[in-house]
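Q: Going down the list, the sequences are from chains A and B. Each residue of the first sequence is one higher than the one before, counting from 1 in my numbering. Each residue of the second sequence is one higher than the one before, counting from 300 in my numbering. Just so it is clear, CB atoms sit at the ideal spot from N, CA and C, and this is done for glycine as well. Since the structure is predicted, the reported quantities are computational estimates derived from the model, not experimental observations. For reference, the structure I am asking about is given below.
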Amino acid sequence: MDIHSKLNLPNYRQQSAEVTAALDQLKKQPVALEIANLTKEFPSDAGPRRVLNDVSFKVYQREFLSIIGPSGCGKSTLIRLLACLEESTDGLILLNKYPVRETGADRGMVFQKYTLFPWLTVKKNVMFGLEVSGRGKFDAEIEARQWLDIVGLEEYADLYPAQLSGGMQQRVAIARALANKPQVLLMDEPFGALDAQTRAKMQAYLLQIWEKIDITIIFITHDLDEAVYLSDRILVLKANPGEVQELVEVPVPRSRTPEQFLSPEFLATKFHLEELIHPGHIRSADDFKVVKMVGEKDK
Amino acid sequence: MENNSKWIRFGRLLPQKRRRGLTTASFLLPLLLWAAISYIPGIWHPEVRIADPGDSIYFAQGDIVEKGTFKLENENLRAEGARFMTGRRVNPVYFPAPHQVARALYAAFAAPPRRDGDPWFYESVLHSVRVVFWGFFLSSVLGVPLGILCGVFDFFAKLIEPFVEFFRYFPAPVFGALAVAILGINDAPKVAIIFIGTFFQQVLVMANTTRQVDFNLVEAAQTLGARPMTLLFKVVIPASLPKLYLDMRILLGWAWTYLIVAEVVGTTTGISWFINQQAKYRAFDNVYAAILVLGFIGLGTDMILAAVGRSLFAWERGERGFFSTLTKSRKPNTPES
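Here it is in structure tokens:
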């Protein structure tokens, strides 16, 4: 008897009618971002090293797509390519059908490292992108305050980043990226540096914000719970070179709550992802839980 | 419980009170040493000031002689049955006591120059300050932007830095003669020496500091739509400003060290002129007074600049600086979490 049936988990492909309808609805949306045959090589002493190989996928408008994969699968490189912080060796990135070649305000990004400008107050950090795009100071300030209100930090508007905790800084970073009204929000392990409790809070915040506003999110993580909890679909990459392994549709209905972490469809999805990323890792029913704990300690 | 009684603690800050005490001691100890050598007779005092020359035909009252010579002369006088010399042990004239230097320091400012038409002491000091200021100012006007450009754009780095790297190994004083030939004997060649001494270091130091900017901040700004000029003026420069400022303080110190060399180029002026003049009169207390003034100006300037810097870059410590409290009255309340 294999472990999957021992755990008594359903097939992750089994979706309730509600979830199927929601995913069908999503796929009827226009394509926000299309990635076609994206390839990236880095030069090395032993010739070019291929980090990403022929990666293609589509992201629909208002989709929440996570990208996961073992270390070395090039997920960070992929998101940096999308932001044009790196140049691709081959392939195309189409944003609303137009190819992108340069960094731009249409693809906002939140990084794992704290990247608030330390010499600017929280409010002025959020105003940065608005002012760069030529918005007047007055307008920019009003908008910045609205965004700070959305992430719940309005009263900290005049503090400097060094006065905020890590979680608060990331919330400001999210407000700063969203204030620019990007078409896609790229998030590169944004909660990776936070402690487990803060991370859980931030996930809830992010879902709230995502539900409130019209935004497409591409989210990189190595935390499987996080990926399942947040996403509509999960792109699983495999390593050496990074290639698309599977695009998993999450069968967990919205709106999501932390209680769903233990629902059968949640666990089934997580089990499947674990098997994809670390094949053969789960050898007994107990391992599954152990794996989760080890995975959490890793961060 | 922490052991607070230890003075020597690896990598730990001492309590504020002790730190202040040590800072005071770092000035007080050399002063005490100086005072001890000056006022306690047994420590050094290798010479004798003659109070009464006795029957000696070689020495007169007020002469300062080496103590061996004094002894020898007195033995000769005794052998001849003549009257001894008497005198008091003193330090050499080039080692004046603290009170003498203090008096000289006051007198230097208060007393008119020995010769009519010579500059007052304060005029000499101002002259020196002016030369340093212009040399450092001109160097900065060119060197800071050039250094930042080199730090940001590889084009400028590769075009400019190799030659600058080569040029900075020429000691600035070797250009003294050239500077006089080209710029005349007044202040221009002096300013040029300070410029040469500062500029080439400045370009390299500024470039290196600019290069150390946290690149994540640049990338974040790029994803917010910033283009190269915005990145330069709104991200790279503000991000590196605290360190650039610190570099400038250190470079200003270097400019000061070139001052004395610069001032003897062409006609000697400023504090160097005063020092040379006083050394000729063997008024070494005045020489020390002038040297101390140089030190006070240097340390004073740096302390003021440091305080200004702490206030300008208070955001590094998550504080509001004096200058931003001027424009914003609202006090921030620090959050708990």
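If we require 4 or more residues per run, which alpha helix (DSSP H) segments fall completely within the segment 357-411 of chain B?
A: Entirely contained in the segment 357-411 of chain B, the alpha helix (DSSP H) runs reaching 4 residues are, in chain order, 366-378, 397-409.
Q: Taking CB distances under 8 Å as the criterion, tell me whether B:Thr508 reaches chain A.
A: Taking Cβ atoms only, chain A never reaches closer than 8 Å to B:Thr508, which makes this a no.
Q: Closer than 7 Å, Cβ to Cβ, to anything on chain B: give me those residues from the segment 90-122 of chain A, in chain order.
A: Those would be Thr103, Gly104, Ala105, Arg107, Gly108, Met109, Phe111, Lys113, Thr115, Phe117, Pro118, Trp119, in chain order.
Q: Which of the three DSSP states, helix, strand or coil, is assigned to A:Tyr60?
A: In the structure shown, A:Tyr60 sits in a strand (DSSP, three-state: E or B).
Q: Nearest to B:Val463 by alpha carbon, out of B:Arg311, B:Gly446, B:Pro412, B:Val451?
A: For B:Val463, the nearest C-alpha among the options comes from B:Gly446.
Q: Along the chain, where does the alpha helix (DSSP H) containing B:Glu562 start, and where does it finish?
A: Taken as a continuous stretch (DSSP letters only), the alpha helix (DSSP H) holding B:Glu562 covers 536-562.
Q: Under three-state DSSP, which class holds B:Leu312?
A: The answer is coil: DSSP assigns B:Leu312 none of H, G, I, E or B.
Q: Is the separation between the beta-carbon of A:Ile68 and that of A:Ile282 shorter than 8 Å?
A: It is not a contact, given that the beta carbons lie outside the stated cut-off.
Q: Residues in the same chain with beta-carbon distance under 7 Å from A:Thr221, minus the five sequence neighbours each way, listed in chain order, please.
A: So the list reads Ser66, Ile68, Glu189, Ala227, once near-sequence residues are dropped.
Q: What residues from chain A crowd round B:Glu518, counting only those whose CB sits closer than 7 Å?
A: Within 7 Å Cβ-Cβ: Leu85.
Q: In whole angstroms, give me the CA-to-CA distance for B:Phe612 and B:Gly483.
A: If I take the Cα positions, the gap works out to 42 Å.
Q: So, for B:Pro631: in the same chain, excluding its five sequence neighbours on each side, which residues have a beta-carbon less than 8 Å away from its beta-carbon?
A: At B:Pro631 the pLDDT is 44, less than 50, meaning the model places this residue with poor confidence; the figure from the coordinates comes in the next sentence. For B:Pro631, where only same-chain residues beyond five positions count, the Cβ hits under 8 Å are Arg619.
Q: Measuring CB to CB, does A:Lys6 end up less than 8 Å from A:Glu34?
A: Against a cut-off of 8 Å, the Cβ pair of A:Glu34 and A:Lys6 comes out as no contact.
Q: Measure the Cβ-Cβ separation of A:Arg62 and A:Gln29 and say whether it is below 8 Å.
A: Result yes, Cβ atoms of A:Arg62 and A:Gln29 sit closer than 8 Å.
Q: With a threshold of 8 Å on Cβ separation, who are the neighbours of A:Ser263 within its own chain once the five nearest residues in sequence on each side are excluded?
A: Val252, listed in sequence order.
Q: Please report the residue range of the alpha helix (DSSP H) in which B:Arg429 lies.
A: Here the alpha helix (DSSP H) through B:Arg429 covers 420-451.
Q: Would you call the segment 370-378 of chain B and the segment 390-409 of chain B touching, i.e. three or more CB-CB distances under 8 Å?
A: No contact exists between the segment 370-378 of chain B and the segment 390-409 of chain B.
Q: What residues in its chain sit with their C-beta under 7 Å from that of B:Met505, if we drop five residues either side in the sequence?
A: Within the same chain, B:Met505 has close Cβ partners Gly442, Val443, Gly446, Ile447, Gly450, Leu543, Asp546.
Q: Which residues does DSSP list as the beta-bridge partners of A:Phe219?
A: The partner list for A:Phe219 (beta bridge, DSSP) reads A:Ser66, A:Met187.
Q: Is there a Cβ of chain B sitting closer than 8 Å to that of A:Tyr219, yes or no?
A: This sequence places Phe at residue 219 of chain A; Tyr is not what is there. Not an interface residue.
Q: Looking at chain C, is there any beta carbon in it that lies within less than 8 Å of the beta carbon of B:Val534?
A: Included in the structure are the protein chains A and B, with no chain C among them.
Q: Quick one, which residues of the segment 157-178 of chain A are near chain B if we go by CB-CB under 9 Å, in chain order?
A: From the segment 157-178 of chain A, only Asp158, Leu159, Tyr160, Pro161, Ala162, Gln163, Leu164, Ser165, Gly167, Met168, Ala173, Arg176, Ala177 have a Cβ closer than 9 Å to chain B.
Q: Alpha carbon to alpha carbon, what distance is there between B:Gly565 and B:Leu477?
A: Each residue's Cα considered, the two are about 10 Å apart.
Q: On the three-state DSSP scale, how would you describe B:Thr508?
A: The answer is helix: DSSP assigns B:Thr508 an H, G or I state.
Q: So, helix, strand or coil for B:Glu346, using DSSP?
A: Strand, per DSSP.
Q: Please decide whether A:Phe128 counts as near chain B, where near means a Cβ-Cβ distance under 8 Å.
A: So yes, A:Phe128 belongs to the interface.
Q: Along the alpha helix (DSSP H) that carries A:Ala32, what are the first and last residues, could you check?
A: Looking at the DSSP string, A:Ala32 is not in any alpha helix (DSSP H); the run it does join, the beta strand (DSSP E), is 31-42.
Q: In whole angstroms, what is the alpha-carbon distance linking B:Lys533 and A:Ala162?
A: Taking the straight line joining both Cα atoms gives about 19 Å.
Q: Taking one C-beta from the segment 512-526 of chain B and one from the segment 100-115 of chain A each time, how about it: are there three or more such pairs within less than 8 Å?
A: Taking 8 Å as the limit for Cβ pairs, the verdict is that the segment 100-115 of chain A does touch the segment 512-526 of chain B.
Q: By the DSSP assignment, the alpha helix (DSSP H) with A:Lys181 in it spans what residues?
A: First-last for A:Lys181: undefined, no H or E at that position.
Q: Where do the N-terminal and C-terminal ends of the alpha helix (DSSP H) with A:Lys124 fall, by residue?
A: Residues 122-132.
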